[in-house]
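Chains as they are written, first to last, in this note's numbering: chain A, 2 to 194; chain B, 2 to 194.
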C-alpha cells in the first residue's frame with residue numbers, strides 16, 4: 002500500500018495547540034504514516050506526538066517544516082497525488098472511488114488540512130480539492146472521514162507495531178495491557194477511571 | 002428516523018473553546034439534531050453555533066445544561082439508547098450493526114463525548130461504550146466516524162433547511178450561493194480566498 006502523509010498548514014502555537022494535536026493523533030490512528038506541520042515551530046507538539054507513538058506504537062512520525070510550498074513541490078515531483086480537504090471542494094462521495102483507485106494502484110497521497118486561513122494558492126496546487134459534506138465543521142473530522150472512506154474502515158482494525166500499551170476492548174470500564182519487547186502482554190492492568 | 006442528541010461533557014471555556022466548537026459543528030454537519038454541553042457555562046460558544054445554524058441551516062440546536070447526570074437520566078427514562086464514545090470501549094466495527102438496527106427501529110440516541118476526564122460513572126450509565134479504533138485520538142473524529150458509520154455516509158449528502166448560504170462543490174476555488182427565503186439562489190458569489 003502506498004504512503005499517506007498529512008500536511009497541516011498554518012499551525013499557531015497558542016490558538017491551535019489542541020486542534021493540531023487532534024489532527025496529528027487522527028492521522029496516526031486512521032492509518033497515515035506521517036504528519037508534517039507548518040506555521041509556528043512547536044517542538045513541544047512534536048514531542049507530545051512522539052510520546053504517543055512510543056506508548057501506543059507506529060509506524061508514525063511527526064515533523065515541522067518551514068515552507069509548505071516546498072513540501073507540496075517535493076511531493077508533486079515524487080509523483081504523489083496532492084489532496085486538499087476543504088469545505089468548498091468536490092463532495093467526498095463523488096470522488097472517493099477515483100482517489101482509492103489511484104492510491105491502491107501505488108500513488109502516494111499528500112493530504113493537506115488547513116487552519117483558519119488557507120492561502121488561495123493551495124486550491125490551485127492541489128490535484129484534488131475535496132469536501133467532507135460541503136458544510137462548515139472541523140479539519141479533524143474531515144481528515145478522519147477522508148482516511149476512513151479511503152481505507153473503507155480497515156484502519157480501525159489496524160495493529161500498531163512496537164506498542165508498549167494496548168487496549169482490550171471492553172463493554173464497561175478500561176482494560177489496558179502492557180506489552181513487552183516481543184509485543185506480548187507482560188501483565189494486565191485496569192487503568193481505573 | 003429517530004433523533005440523535007450529542008452530550009459534550011466537561012467543557013472548560015479556556016481550554017476547550019475550539020475543540021467543543023468542532024464537536025458541535027461535527028454534530029450538526031454529520032446529522033445530529035442537537036448538542037447539549039455541560040461543564041463551564043459558555044454562552045459565547047452557544048451563540049457561535051447558533052450563528053452557524055442561521056447561516057448554513059438546520060434543524061440543529063445547542064444548549065447548556067448544568068447537570069450531566071440529569072441529562073442522561075432524562076434520556077434513559079425517555080427510552081433513548083445511551084452511547085458513550087471512549088477509546089476503551091467495544092470497537093465500532095463490532096457493534097455498529099446493532100446500534101444502526103435499534104436506531105432505525107425508532108430508538109433515539111444520546112451520544113456522549115467526553116473531555117479530558119470522564120467520570121467513571123459514565124461507563125456504567127451508558128448502554129454502550131464504543132471505541133473508534135481503540136487508539137488515542139480525538140473526540141471530534143470519534144463523533145464524526147460514529148455518526149458517519151451509523152448513517153452509512155448518507156449524512157454527507159443531506160440538505161439543510163433555512164440556509165442562507167450554500168456551497169456549490171467545486172474542483173478549484175470557492176463557490177457559495179446566497180439563498181432567499183424560499184431556499185432559491187438570489188445571486189452567485191465567489192467568496193474569494
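Quick reminder that beta carbons are idealized off the backbone N, C-alpha and C, glycines included.
These numbers were taken from a predicted model, which means no experiment stands behind them.
- Restricted to the region 102-188 of chain B, the beta strand (DSSP E) segments that are unbroken, complete and at least 3 residues in length are 110-114, 129-132, 166-168 and 177-180, listed in chain order.
- For residue 138(B), the nearest CB of chain A lies under 8 angstroms from its own CB, placing it at the interface with that chain.
- By the criterion of a C-beta distance shorter than 6 angstroms, residue 26(A) is surrounded by no residue of its chain, once the five residues flanking it on both sides are discounted.
- In this structure, residue 61(A) lies away from residue 9(A), with their beta-carbon atoms at least 8 angstroms apart.
- The count of Cβ pairs closer than 8 angstroms, one atom from the region 107-115 of chain B and one from the region 140-147 of chain B, reaches three, so the stretches are in contact.
- When the beta-carbon positions are compared, residue 41(A) and residue 85(A) stay at least 8 angstroms from each other.
- Taking a contact to require three or more Cβ pairs closer than 8 angstroms, the region 86-96 of chain A and the region 127-141 of chain A qualify as touching.
- Straight-line measurement puts the Cα of residue 141(A) at about 7 angstroms from the Cα of residue 20(A).
- Under the three-state reduction of DSSP output, residue 12(B) falls in the strand class.
- Interface flag for residue 27(A) against chain B is set, since a Cβ pair is found closer than 8 angstroms.
- Pairwise C-beta distances place the region 124-135 of chain A in contact with the region 162-176 of chain B, as three or more of them are shorter than 8 angstroms.
- Using a Cβ distance threshold of 8 angstroms, residue 182(B) and residue 59(B) do not count as a contacting pair.
- C-alpha of residue 185(A) to C-alpha of residue 158(B): approximately 44 angstroms in a straight line.
- If only uninterrupted beta strand (DSSP E) runs of at least 3 residues are considered, those enclosed by the region 28-58 of chain B are 35-40.
- The residue among 37(B), 36(B), 34(B) and 57(B) with its C-alpha nearest the C-alpha of residue 177(B) is 57(B).
- Residue 168(B) belongs to the set of residues whose beta carbon lies under 8 angstroms from a beta carbon in chain A.
- According to DSSP, residue pairing for residue 64(A) in a beta bridge involves 37(A).
- Residue environment: residue 80(B) is assigned as exposed (fewer than 16 neighbouring CB atoms within 10 Å of its CB, all protein chains considered).
- The straight-line gap separating the alpha-carbon atoms of residue 65(A) and residue 44(A) is approximately 8 angstroms.
- Per DSSP, the continuous alpha helix (DSSP H) segment holding residue 73(A) begins and ends at 69-78.
- Sequence-distant Cβ neighbours of residue 38(A) in its own chain, meaning closer than 6 angstroms and more than five residues away, are 9, 12 and 65.
- For residue 53(B), the nearest beta carbon of chain A is closer than 8 angstroms to its own beta carbon.
- Chain A places no beta carbon closer than 8 angstroms to that of residue 60(B), leaving this residue out of the contacts.
- Here DSSP, grouped into helix, strand and coil, assigns residue 96(A) to coil.
- DSSP links residue 85(A) through a beta bridge to 113(A) and 130(A).
- Nearest in C-alpha terms to residue 156(A), of all of 14(A), 22(A), 128(A) and 31(A), is 31(A).
- In this structure, the beta-carbon distance from residue 126(B) to residue 83(B) falls below 8 angstroms.
- If you ignore the 5 residues before and after residue 33(B), its C-beta comes within less than 6 angstroms of the C-beta of 5 and 7, all in its own chain and listed in chain order.
- The beta carbon of residue 116(A) does not come within 8 angstroms of any beta carbon belonging to chain B, so the residue lies off that interface.
- Distance between residue 105(A) and residue 122(B), taken at the CA atoms: about 44 angstroms.
- The alpha carbon of residue 175(A) has as its nearest neighbour, out of 77(B), 108(B) and 120(B), the alpha carbon of 120(B).
- Under DSSP, residue 7(A) shares a beta bridge with 36(A) and 112(A).
- The beta carbon of residue 23(B) sits closer than 8 angstroms to some beta carbon of chain A.
- In terms of beta-carbon proximity, residue 158(A) lines the interface with chain B, with at least one pair separated by less than 8 angstroms.
- Proximity of residue 7(B) to chain A, defined by a Cβ-Cβ separation below 8 angstroms, is not satisfied.
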